[in-house]
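In my numbering, the protein residues as written are 4 to 403. Shown next, in structure tokens, is the structure this report addresses.
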Ligand code: SF4
Ligand code: SF4
């Protein structure tokens with residue numbers, strides 16, 4: 004069957020799920036500066052626009068462009084031969100940061116079993132000795148573990164929302180079972196790969212019981228995790244009603260109303276009340292301290308105090324300032340990499356927390372964003388610009 008998108012016709016493929024192969028010139032890029040809290044710089048890579056894990060609250064459903072078609076028609080867009088595009092882009096650089104697979108969809112979702120783009124992209128990074136990380140709710144393929152154990156700073160994050168398998172089937176229906184998710188952590192730890200457990204997101208009144216949260220933390224620790232990342236479900240305004248309807252369908256009308264009463268703050272998304280969120284973060288931070296695990300939040304904010312003159316809330320404040328116990332959000336410190344004598348290697352022995360850095364030991368002054376107003380959306384063209392600086396023999400003598 005053919006499908007017309009932006010006046011072009013594409014084949015709509017039906018197996019294993021509805022998808023379209025889309026030629027793409029997408030470029031690697033960094034975080035969006037906006038409310039950025041992510042301490043470390045990353046090269047974001049997104050081979051799949053859409054995701055077959057099937058989470059009803061998926062934030063990707065609220066994104067524009069192809070994601071709208073994914074939300075309405077469940078069609079996933081696959082970036083055709085994206086590993087080759089990534090290869091060309093990395094080979095044009097002399098400066099690279101850790102790859103991030105992937106910011107909005109699951110890299111090991113069922114469709115990846117057909118195209119293996121995630122494994123191919125990981126291979127491209129590892130063969131160049133550039134670090135790469137992934138986040139998943141699926142089983143980590145063996146090949147991924149074999150690959151990333153070869154690269155010193157590469158690591159994996161596994162999202163585990165509940166220890167209750169019945170509930171897991173509702174929250175991430177096409178993801179891995181609870182046991183398989185903890186096994187992911189074990190398999191990473193066994194190979195000395197930094198394993199991160201994400202309780203991301205926590206669902207108010209569904210997975211927020213202390214018993215569930217401490218059950219995840221304890222089992223994650225005994226599976227080898229060293230670091231916990233947490234967030235509480237946000238409701239993207241565009242799809243908030245859809246999410247609430249699903250909550251009613253699965254958990255009853257009363258639960259929907261409980262959510263309506265709790266989600267009264269608006270910080271870009273609809274957020275649960277700050278007191279509720281802080282209570283959970285305090286509990287988890289203290290628990291992680293006791294267990295010897297480091298802890299961080301992901302994209303959790305608080306509205307500033309209203310100004311006495313305008314009564315408008317001042318800029319939002321990231322809650323990691325209050326709750327994070329690690330230097331970087333993922334509990335691992337990864338420096339910038341530069342190409343030296345033809346091979347990528349760490350530029351310096353820094354902690355890689357560029358967002359809070361005041362002294363660019365790596366030599367790329369713009370990347371040290373500790374100063375007010377220094378945050379930027381870094382693009383491939385910025386990496387290309389830095390790559391020219393790095394080629395200068397004086398630079399090479401100075402930084403390593
Ligand atoms: S795994 Fe992540 S990207 Fe995939 S459907 Fe679930 S929330 Fe969305
Ligand atoms: S020296 Fe500073 S700016 Fe450079 S990579 Fe390290 S943390 Fe980032």
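Where a beta carbon is used, it is the ideal one built from N, C-alpha and C, also for glycine.
At least one heavy atom of ligand 1 falls within 7 angstroms of the beta-carbon of residue 112. When DSSP states are grouped into helix, strand and coil, residue 382 belongs to the strand group. With respect to residue 351, residue 343 sits apart: the two C-beta atoms are not nearer than 8 angstroms.
Short note on residue 246: C-beta not closer than 7 angstroms to any heavy atom of ligand 1. About 5 angstroms separates the beta carbon of residue 159 from that of residue 191, a gap short enough to meet the 8 angstroms contact definition.
In terms of CA proximity to residue 242, 62 leads the group 62, 40 and 20. One alpha carbon belongs to residue 329, the other to residue 198, and they sit about 14 angstroms apart.
Within the same chain, and ignoring the five residues on either side of residue 154 in sequence, the residues whose Cβ sits closer than 8 angstroms to its Cβ are 128, 129, 132, 133, 134 and 135. The bridge partners DSSP lists for residue 198 are 159.
Remark: the C-beta of residue 65 is outside contact range of ligand 1, defined as less than 7 angstroms to any heavy atom. Using a 10 angstroms sphere on the CB of residue 36, the tally of other CB atoms stays under 16, which defines it as exposed. Residue 257 sits exposed, since fewer than 16 C-beta atoms from the chains shown fall within 10 Å of its C-beta. In the three-state scheme derived from DSSP, where H, G and I count as helix and E and B as strand, residue 390 is classed as helix. Taking 8 angstroms as the cut-off, the Cβ atoms of residue 38 and residue 304 count as close. When distances are taken from the beta-carbon of residue 291 to the heavy atoms of ligand 1, even the shortest one reaches 7 angstroms or more. Of the candidates 72, 171 and 296, the residue whose Cα lies closest to the Cα of residue 253 is 171.
Placement of the Cβ of residue 294 at a distance of 7 angstroms or more from every heavy atom of ligand 1 is found.
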